[in-house]
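Working notes, structure below.
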Amino acid sequence: MVKDNNVGLDPALKYRLYRFSVWCGAIVLLANTVAFFFLGKLFPPPDPAWGTTETVAFFTENRERILWSVITMAFFAPFFYFFAVITSLQIKRVEGEFGLLSFIQLTTGIVAPTGWVYPMSVLATAAYRPERSPELVLAMSDQFFLTFVGVAFIFSINIWSIGMAALVDRREKPVFPRWFGYANFFLALVFAPGIFVYAFTDGPLAWNGLFTLWIPSSAFPIWKIMMIVCLLKAVRSEEEEERAGLQAA
132 MVKDNNVGLD PALKYRLYRF SVWCGAIVLL ANTVAFFFLG KLFPPPDPAW GTTETVAFFT
192 ENRERILWSV ITMAFFAPFF YFFAVITSLQ IKRVEGEFGL LSFIQLTTGI VAPTGWVYPM
252 SVLATAAYRP ERSPELVLAM SDQFFLTFVG VAFIFSINIW SIGMAALVDR REKPVFPRWF
312 GYANFFLALV FAPGIFVYAF TDGPLAWNGL FTLWIPSSAF PIWKIMMIVC LLKAVRSEEE
372 EERAGLQAA
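One rule links them: number in this note's numbering = place in the sequence shown (from 1) + 131.
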């Protein structure tokens, strides 16, 4: 049986799409930075110990900024799907087919855009009507910050699956370097404390705490840059392998 080499995407187009998908990680990182640091003034966040007076004042004074921050993330967060899929496609190369690790990475990666956009829609709801009851504004503020930070452990599982894929790779030329696996394991632990925000209103485990906010927020751009660099190298190695296979055929 003769293989039809015209079936499927043109390889040049396919790898352009792959690289675009990797760079979507940078797009989301930039959008996240603009939305939280510059537009919404959401970093650092309001103190969880604030009552209705302080919380309502925060939402009133920053209403327009918050709404445009939400719009920014609603537009750019879905680009993370590209990033999640290309990551799973590279893990598939490790497993030889779609398997446990690639599916865990994909399913937990899918949570990320929803885990940003859904809580931010709650944030927008709190700011949308200035005449809203102060108690409702406080409740929606709590829901946003608790949900936004509290889903971090799902992200830890996502990072763990990537690290595990790097360490179990038996290929002659591994898809990812081994240091990349250990780095992802460490970063999975760094993001995990976010799950404790539900029980604390002050201290290092509150939503504005050292272990739940400051350290993870500092680690996130490091992880993202590390992922982009290693994924670009992985895509290039896959392209070279495919080109070599076509030449051999």
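The beta carbon of each residue, even a glycine, is placed where N, CA and C say it ideally should be.
Quiz item: Under the three-state reduction of DSSP, which class applies to ARG263: helix, strand or coil?
Solution: Within the sequence shown, the letter at position 132 stands for residue 263. ARG263 falls in the coil class under three-state DSSP.
What are the boundary residues of the alpha helix (DSSP H) that ILE359 is part of? Within the sequence shown, residue 359 is the residue found at index 228, counting from 1. ILE359 -> alpha helix (DSSP H) spans 346–379.
Problem set entry | Cα-Cα separation between ILE328 and THR239, rounded to whole angstroms | The residue you call residue 328 lines up with position 197 of the sequence shown. The residue you call residue 239 lines up with position 108 of the sequence shown. Reading the sequence as shown, one finds Val at residue 328 and not Ile. Using only the alpha carbons, I get a separation of about 20 Å.
*Would you say the region 247–263 touches the region 182–196, given that touching needs at least three Cβ pairs under 8 Å?*
yes
Which two residues bound the contiguous alpha helix (DSSP H) that contains THR203?
Along the sequence shown, one-based indexing puts residue 203 at 72. Looking at the DSSP string, the run of the alpha helix (DSSP H) that includes THR203 is 194–207.
### Query
Is there at least one non-hydrogen atom of the ligand GDP closer than 7 Å to the beta-carbon of PHE207?
Ligands are entirely absent from the displayed structure, and the ligand GDP is therefore not among its contents.
- Message: Please report the distance separating the alpha-carbon of ASN315 from that of GLU266.
- Response: Taking the first residue of the sequence shown as 1, we reach residue 315 at position 184. Taking the first residue of the sequence shown as 1, we reach residue 266 at position 135. Cα-Cα distance, rounded: 41 Å.
*Through-space distance from GLN221 to VAL366, alpha-carbon basis*: Along the sequence shown, read from residue 1 onward, the residue named residue 366 stands at position 235. Along the sequence shown, read from residue 1 onward, the residue named residue 221 stands at position 90. If you take the alpha carbons of VAL366 and GLN221, they lie about 8 Å apart.
Over the uninterrupted alpha helix (DSSP H) stretch that includes LEU173, give me the two end residues. Here the question's residue 173 lines up with position 42 in the sequence shown. Taken as a continuous stretch (DSSP letters only), LEU173 belongs to no alpha helix (DSSP H), as it is neither H nor E.
Reference PHE342; option with closest CA among LEU320, ARG147 and PHE151 | Along the sequence shown, one-based indexing puts residue 342 at 211. The candidate whose alpha carbon is nearest that of PHE342 is LEU320.
_With distance defined between alpha-carbon atoms, name the residue in PHE331, ALA255 and LEU237 nearest to ALA205._
As a first step, residue 205 is located in the sequence shown; it is residue number 74 there, counting from the start. Looking at the Cα atoms, ALA255 is the closest of the given residues.
(Q) Is it the case that the region 354–362 contacts the region 139–159, given that we only count it when at least three CB pairs across the two stretches are under 8 Å? (A) yes
GLU228 in three-state terms, based on DSSP = Residue numbering aside, residue 228 sits at position 97 when the sequence shown is read from its first letter. In the structure shown, GLU228 sits in coil (DSSP, three-state: anything other than H, G, I, E or B).
(Q) According to DSSP, simplified to helix, strand and coil, what is PRO335? (A) Taking the sequence shown and counting its residues from 1, one reaches residue 335 at position 204. Coil.
Exercise for the section: Return the CA-CA distance between TRP345 and ILE353, expressed in angstroms with no decimal places. Expected result: Position 214 of the sequence shown, counted from the first residue, corresponds to residue 345. Position 222 of the sequence shown, counted from the first residue, corresponds to residue 353. Cα to Cα, TRP345 sits roughly 13 Å from ILE353.
#### Entry: Closest Cα partner of ALA296 within the set PRO335, GLY246, LEU231 and ALA208
In the sequence shown, residue 296 corresponds to position 165, counting from 1. Nearest option by C-alpha distance: LEU231.
Cβ separation of PHE307 and ASP300, assumed to be a contact under 8 Å, to the nearest whole Å:
Locating residue 307 in the sequence shown gives position 176, counting from the first residue. Locating residue 300 in the sequence shown gives position 169, counting from the first residue. Indeed, because the Cβ distance is near 7 Å, the residues count as touching under 8 Å.
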